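One structure is given below, encoded as structure tokens.
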Amino acid sequence: LLGCTPEKLTKAFTHRTIEARGDFVTSPLTFDQCTYARDALSKAVYERLFTWLVTKLNDSLRSDFQGKRTLMGILDIYGFEIFEKNSFEQFCINYCNEKLQQLFIELTLKSEQEEYRKEGIEWQHVDYFNNKVICDLIEERHKGMIAIMDEECLRPGDANDFSLLAKMDENLSSHNHYLSHKIANNVTRKSLTRDEFRLLHYAGEVTYKVHGFLDKNNDLLFRDLREAMTQSSKKILQTVFPAGELLRKKRPDTAATQFKSSLAQLMDILMSKEPSYIRCIKPNDFKKSGVFDLEIVGHQVKYLGLMENLRVRRAGFAYRRKYDTFLDRYKSLCPQTWPHYQGPADKGVELLMKHLGYHEDDYQLGKTKIFIRHAQTLFAIEDAFQVRKNELVSKIKAIWLGRRQRKAYLHMRKQVIFVQKYARKFLAAREYKKRRWASGVIRGFVIGFMNRNQDASAANAKFLQFVRYQFLTRLAKSLPNIILRHDQQWPGAPKSCSEANRILCKVHRRLVVRKYVRGLDPERKRQLEMKYLAHELFKGKKCTYEGTVKNYFKDYRPEDVKARVASIENNIRNSGERLLYCTSVTKYDRHGYKPRERILTLSNGALYLHDAKDLKQKHKIPLTDLTGLTITNMGDGLLVLRIPPELKQQKGDLIVNCPHVIEAVAKIIDAASQNKSLLNIVPPGEIQHGMNGGKKQGIIEVKKSDTELMEITKRKGHLIVMTSC
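The letter at position 725 of the sequence shown is residue 725 when you use the UniProt record's numbering, and the numbering goes up by one with no holes.
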């Protein structure tokens, strides 16, 4: 753990080497001395490692900023320790608290009242206990308790704790705050044993056991232990135990002296700062919530000096400032002191406060300072100063801006007069050059225009370049963003750009088409494919086609039929087919032409007709058996499904009236591998259909009507279709 060999460490613990005039004398240690050496090494390692760690942390957190720094530090002190048995540790802690209390007195009670006295302010003195006498008892040079302990530790002979107590009794017996069994009276002596002494701290009486004072105060880290640590293999131990330490001849300071020096440094730091105190009152000695011991709390309030501090604060003044500083800041609030007051500063401050309307109870005038009692008074003065400052700034700004503008105007007027005589000459010369250049440009433009249809030459090169630029600029602004229809024209071009215009037209059309095609989703693409198929089938052949171009083809008509045909779709799927289209139609009997409501269903393998009420299948026509589709070129929805005569189970062709005949036919043709030869579009007249397996022929008469309504009737055994377009 320590990086030393067992032999070296054992020797360092059991022997002590003393250097005397260049000679080294080694002597063995007793068991108690070995124990003290072990404890001393443990404390030294702990103390030096802790110091090394704190130094490293401070170095890593230190800022490189070189300017003025603002520091806020926190010093956490637990307070006095008064136990049943108090030893050297409690002595040091209570000594530290005495010094902090002395600092508190110096910075608050004493300095505050001393300032009032020097300034001649009417003041009723507040008595307080100054614990400087206790601090002197402990730390006074050559006479204090620390000096006596150090002397006892360093003197030759058999020094022990009782000899220390005897020496303190001899030197401190006349001190009012020191008491021991030897010097106490008969009554007090009963509460002290012969190995105890008592100090009357500002927080109360504390009785200390003298046992261990010298041992804990002595530095028992012998030379052998230091030498063993300097030869350690651990780099950190080599750092905290430098080899140069062995060369020092001076005896190391005792623990009390080191503590006194550290405390003095702390006091110097605190004296240079502006400390704020947070006093913590302990409600009881048992660390219990809800228990408030009045005796304990009252004792703490008393020894912390809180009542004295409160009386000083309540009777004192919240703000004080030297006359010249106060007058220099607030002199603008009084007309008699603004802008410059020639008299003494204290008289000026008095005039200022009277002008502001404050009573003498609100402030007092000292020899060099003004004292303001309440913070509200100062805040009111500061608020008035802020308002006045804005008024002064506005006034100064207006005067300064006016002067600056006046100066700028005079300077500008002088410059204008100076420049004006050269400006006319310069403008005239520039106008002449501009006109000369313009005439050359116009001349070249006219010559180029006259030779615009000739081959490129020096005479028309610039004109043709200008024409091309104008053409491309105009074309870029008027490019169509859609595919041109037949009624739209590509922008024209001059003769010199005609060939380029044709090439650009083709390139742009390809670009627009490519962009449009790449942007199509599968559903939109399918719609366009079906629309294109309908275009090939019906364009110029059926009069109602133009009205259906804008409408999308749907897979279910009407929309509510989709929910009704779920069972039909399941049956088709079970047969290995896929439902493609479904619509409501009216089917006419071959004999008598009685209308019956049916649902036409198209799959990728067959055409079905189902009863519209109970969805019972009435007809199934495989697409491979379908020989033709006959429709008229008028506005009716008549559709004749041609079936081969040899299919006797079908009993002839099927006659249906389909509201969306163009959509239905396009779907059927697409499902039948786009066999366009199946479709037969006929003009008005007679349409024959097969009956009884082709043995008989029925007649459908299609007549043109003057009205736009379509009517299907029966007459003379024929089916009459009245339609218009």
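By construction, the Cβ of each residue, glycine as well, lies at the ideal position given by its N, Cα and C atoms. In this text, all values refer to a predicted model and were calculated from it rather than measured experimentally.
- Inclusion of Asn-692 and Gly-628 in the CB contact set at 8 Å is not warranted, their separation being larger than that value.
- Taken through DSSP and simplified to helix, strand or coil, Lys-703 comes out as strand.
- A straight-line Cα-Cα distance of about 43 Å links Ser-174 and Met-72.
- In the three-state scheme derived from DSSP, where H, G and I count as helix and E and B as strand, Glu-227 is classed as helix.
- When the Cα atoms are used, Asp-361 and Pro-344 turn out to be separated by approximately 23 Å.
- Within the same chain, Cβ atoms closer than 6 Å to the Cβ of Cys-4 are found at Ala-228, Ser-232, the five residues on either side in sequence being excluded.
- As a beta-bridge residue in DSSP terms, Leu-609 pairs with Leu-600, His-619.
- At a cut-off of 4 residues, the continuous stretches assigned as alpha helix (DSSP H) that sit fully inside the region 344-381 are 345-356.
- DSSP places Tyr-581 in the strand class (E or B) of the three-state scheme.
- Secondary structure note for Glu-98: its alpha helix (DSSP H) is the uninterrupted segment 88-104.
- Inter-residue distance for Glu-274 and Gly-305 is about 19 Å (C-alpha atoms, whole angstroms).
- Beta-bridge annotation (DSSP): Ile-18 is paired with Val-25.
- The Cβ neighbour count for Gln-102, taken over all protein chains shown within 10 Å, is at least 16; the residue is labelled buried.
- Taking 8 Å as the cut-off, the Cβ atoms of Leu-602 and Ile-668 count as close.
- DSSP places Asn-284 outside both helix and strand once states are collapsed to three, so it counts as coil.
- Within a 10 Å sphere around the beta-carbon of Arg-226 sit 16 or more other beta-carbons, which makes this residue buried.
- Under the DSSP assignment, Gln-33 falls outside any beta strand (DSSP E), being part of the alpha helix (DSSP H) whose first and last residues are 31-61.
- Put simply, the backbone Cα of Leu-464 is about 13 Å away from that of Ala-500.
- Each of Leu-200, Asn-185, His-181, Tyr-202 was checked against the Cα of Leu-192, and the nearest Cα belongs to His-181.
- The beta carbons of Leu-137 and Met-149 sit no closer together than 8 Å.
- With fewer than 16 other CB atoms across the displayed protein chains lying within 10 angstroms of its CB, Cys-280 is exposed.
- In terms of Cα proximity to Asp-636, the closest of Gly-652, Pro-683, Leu-410 is Pro-683.
- Excluding its 5 nearest sequence neighbours in each direction, Met-530 has C-beta neighbours in its own chain below 8 Å: Phe-553, Ala-666, Lys-667, Asp-670, listed in chain order.
- For Val-210, there is no enclosing alpha helix (DSSP H), as DSSP gives it neither H nor E.
- Our two residues, Val-549 and Val-467, have alpha carbons roughly 43 Å apart in a direct line.
- Secondary-structure assignment with DSSP links Val-682 through a beta bridge to Thr-632.
- The shortest CA-to-CA distance from Lys-11 to any of Asp-23, Gly-652, Ser-27 is the one to Ser-27.
- Within a 10 Å sphere around the beta-carbon of Leu-410 sit fewer than 16 other beta-carbons, which makes this residue exposed.
- With a contact defined as Cβ atoms closer than 8 Å, Ile-372 and Leu-356 miss out at about 11 Å.
- Going by DSSP, Ser-567 is part of the alpha helix (DSSP H) stretching over 566-574.
- Under the 8 Å Cβ criterion, the region 210-219 counts as touching the region 158-175, having at least three qualifying pairs.
- With respect to the 8 Å criterion, Ile-599 and Val-565 are classified as neighbours on the basis of their beta carbons.
- The bridge partners DSSP lists for Lys-587 are Arg-596, Val-656.
- For Glu-196, the secondary structure class from DSSP, reduced to helix, strand or coil, is strand.
- In its chain, beyond the 5 residues on either side, Val-585, Gly-637, Leu-639, Ala-664 have a beta carbon closer than 6 Å to the beta carbon of Cys-658.
- Going by beta carbons, Leu-333 and Ala-375 fall outside the 8 Å limit.
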